[in-house]
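These protein sequence lines are chains A and B, in that order. If you count the first sequence from 1, position 12 lands on 27 in the numbering used here, and the numbers rise without skipping. If you count the second sequence from 1, position 100 lands on 126 in the numbering used here, and the numbers rise without skipping. Here the structure comes first, spelled out in structure tokens, and everything after it is commentary.
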Amino acid sequence: VLTQLRMEAFYSFN
Amino acid sequence: MLELPLVKGDPFHHVMEAILDLSDVAHVVCTTRGLNLLAVDTKHLAIVSLLFPAEDFKGYTCDEYISIGIPIRDLVNAIRCGDDKDTITLKVGEENFGTITLSFVSPEKNTVDYEFRLVDAKLERFRLPDRHFLRSKYQGSVKMPSVEFRRICKCLSNFGDEYGVISVTDEDLTYFAKGTDGDVYVEYKQQEEDTTIFKIDVREPVRLAFNPKYLNTFAKVFTLSGQVKLFLSKTHPLMVECKIGQKGRIRCFVAPKVEP
Numbered sequence: 016v017l018t019q020l021r022m023e024a025f026y027s028f029n
Numbered sequence: 027m028l029e030l031p032l033v034k035g036d037p038f039h040h041v042m043e044a045i046l047d048l049s050d051v052a053h054v055v056c057t058t059r060g061l062n063l064l065a066v067d068t069k070h071l072a073i074v075s076l077l078f079p080a081e082d083f084k085g086y087t088c089d090e091y092i093s094i095g096i097p098i099r100d101l102v103n104a105i106r107c108g109d110d111k112d113t114i115t116l117k118v119g120e121e122n123f124g125t126i127t128l129s130f131v132s133p134e135k136n137t138v139d140y141e142f143r144l145v146d147a148k149l150e151r152f153r154l155p156d157r158h159f160l161r162s163k164y165q166g167s168v169k170m171p172s173v174e175f176r177r178i179c180k181c182l183s184n185f186g187d188e189y190g191v192i193s194v195t196d197e198d199l200t201y202f203a204k205g206t207d208g209d210v211y212v213e214y215k216q217q218e219e220d221t222t223i224f225k226i227d228v229r230e231p232v233r234l235a236f237n238p239k240y241l242n243t244f245a246k247v248f249t250l251s252g253q254v255k256l257f258l259s260k261t262h263p264l265m266v267e268c269k270i271g272q273k274g275r276i277r278c279f280v281a282p283k284v285e286p
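Structural data, given as structure tokens:
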């Protein structure tokens with residue numbers, strides 16, 4: 016089973 | 027003051043239609059140099075970015091830095107109500123700050139104006155790294171016809187809406203999707219004699235798992251351009267890019283699935 020990453024793992028969200 | 031001339035079916039409209047079901051708000055930054063649109067889906071699994079330089083946008087007028095959150099559904103609903111022959115202008119003025127006006131003018135000079143509230147974009151503001159940083163993160167890229175790319179995305183998404191894989195080596199590009207009743211596997215071989223239509227460029231083989239649904243959502247936007255370029259990384263989201271006009275471009279990012 017794979018884990019779905021979210022964009023927060025790569026780019027900064029304010 | 028900002029004035030954006032729009033046409034039904036232009037890239038701006040296309041991007042808005044594509045992200046309608048993914049996101050509520052498009053973050054638009056306008057300067058004298060042009061327009062930059064960013065939207066992230068509500069689950070934060072995908073990002074779409076549209077860059078439109080002023081010189082590619084006939085009639086574009088912006089005399090200051092303007093950062094606004096546009097309610098996507100309101101805008102799309104309004105554009106859908108318009109006629110194909112209407113001249114559409116999106117306006118943000120100083121006197122009505124906090125609202126956008128979308129004006130439709132028919133060839134007979136009849137007018138319809140929609141006015142809706144801007145959304146507070148600060149809550150969802152995010153930053154994408156610059157081009158040089160992005161380039162350093164990708165181990166491989168593939169250029170291919172956008173129509174072909176759309177066909178594959180549709181096929182993958184129809185088969186399995188949860189699990190898809192893109193793999194690239196210096197010899198071939200493969201797409202895979204796992205469905206409940208079967209799997210689909212698509213393979214493209216690099217043809218040595220013709221690299222203008224299909225071209226693989228890899229530093230090392232890359233295999234990337236993702237949700238095909240998001241790619242399929244964006245794929246129709248890419249048919250605005252003849253070709254797409256995929257950027258694959260072992261550690262970063264899949265990036266797909268196409269050029270619009272002379273210097274404009276659309277980029278989409280899809281977050282990967284990884285081993286726990």
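Virtual Cβ for every residue (Gly too), placed ideally from N, Cα, C. This structure is a prediction, so every number in the text was calculated from the model and none was measured.
Compare the C-beta of HIS70(B) against all C-beta atoms of chain A and say whether one is closer than 9 angstroms.
Output row for HIS70(B): interface = yes.
Cβ closer than 9 angstroms: which chain A residues qualify as neighbours of LYS239(B)?
Residues of chain A passing the Cβ test: none, with the nearest at roughly 12 angstroms.
If you follow the alpha helix (DSSP H) that ALA203(B) is in, where does it begin and where does it stop?
Premise fails: ALA203(B) lies in the beta strand (DSSP E), 198-204, not in any alpha helix (DSSP H).
Do THR58(B) and ALA80(B) have their CB atoms nearer than 9 angstroms?
Yes; because the gap between Cβ atoms is below 9 angstroms, this pair is in contact.
Taking the alpha carbon of GLY95(B) as the reference point, which residue from PRO231(B), ALA72(B), LEU61(B), LYS180(B) has its own alpha carbon closest?
The option with the nearest alpha carbon to GLY95(B) is LEU61(B).
Taking only beta-carbon atoms, is TYR189(B) less than 9 angstroms away from chain D?
The structure shown contains no chain D; the protein chains it does contain are A and B.
So, ALA65(B) versus VAL55(B), is the Cβ gap smaller than 9 angstroms?
Taking 9 angstroms as the Cβ cut-off, ALA65(B) and VAL55(B) do not qualify as a contacting pair.
So which residues on chain A does ALA235(B) lean against when the C-beta distance must stay under 7 angstroms?
Under the 7 angstroms cutoff, chain A gives LEU17.
By the DSSP assignment, the alpha helix (DSSP H) with PHE244(B) in it spans what residues?
Segment 238-248, the alpha helix (DSSP H) holding PHE244(B).
Please report the Cβ distance between PHE279(B) and ALA44(B), rounded to the nearest whole angstrom; I am assuming they are in contact, meaning their Cβ atoms lie under 8 angstroms.
Not quite, the Cβ-Cβ distance comes to about 14 angstroms (not below 8 angstroms), so this is no contact.
Any chance you could list the beta strand (DSSP E) runs of at least 3 consecutive residues sitting entirely within the segment 53-83 of chain B, in chain order?
For the segment 53-83 of chain B, whole beta strand (DSSP E) runs of length 3 or above, ordered along the chain, are 60-66, 72-79.
Under DSSP, the alpha helix (DSSP H) around GLU43(B) begins and ends at which residues?
Note, GLU43(B): alpha helix (DSSP H), 37-45.
Is the distance from the Cβ of HIS70(B) to the Cβ of ALA281(B) below 9 angstroms?
Taking 9 angstroms as the Cβ cut-off, HIS70(B) and ALA281(B) qualify as a contacting pair.
Kindly say whether PHE28(A), judged by its beta-carbon, lies nearer than 9 angstroms to any beta-carbon of chain B.
Taking Cβ atoms only, chain B reaches closer than 9 angstroms to PHE28(A), which makes this a yes.
In its own chain, which residues sit with a C-beta less than 6 angstroms from the C-beta of LYS204(B), not counting the 5 before and 5 after it?
Closer than 6 angstroms at Cβ, skipping near neighbours: GLY186, TYR189.
Quick one: which residues of the segment 34-51 of chain B get their C-beta closer than 7 angstroms to a C-beta of chain A? List them in chain order.
Hits within the stretch: zero.
Kindly list the residues whose CB is nearer than 8 angstroms to the CB of LEU149(B), restricted to its own chain and excluding five residues on each side of it in sequence; keep chain order.
Confidence at LEU149(B) is low in this model, with a pLDDT of 49, below 50, so the placement of that residue should be treated as unreliable; the coordinate-derived value is given next. There are no such residues.
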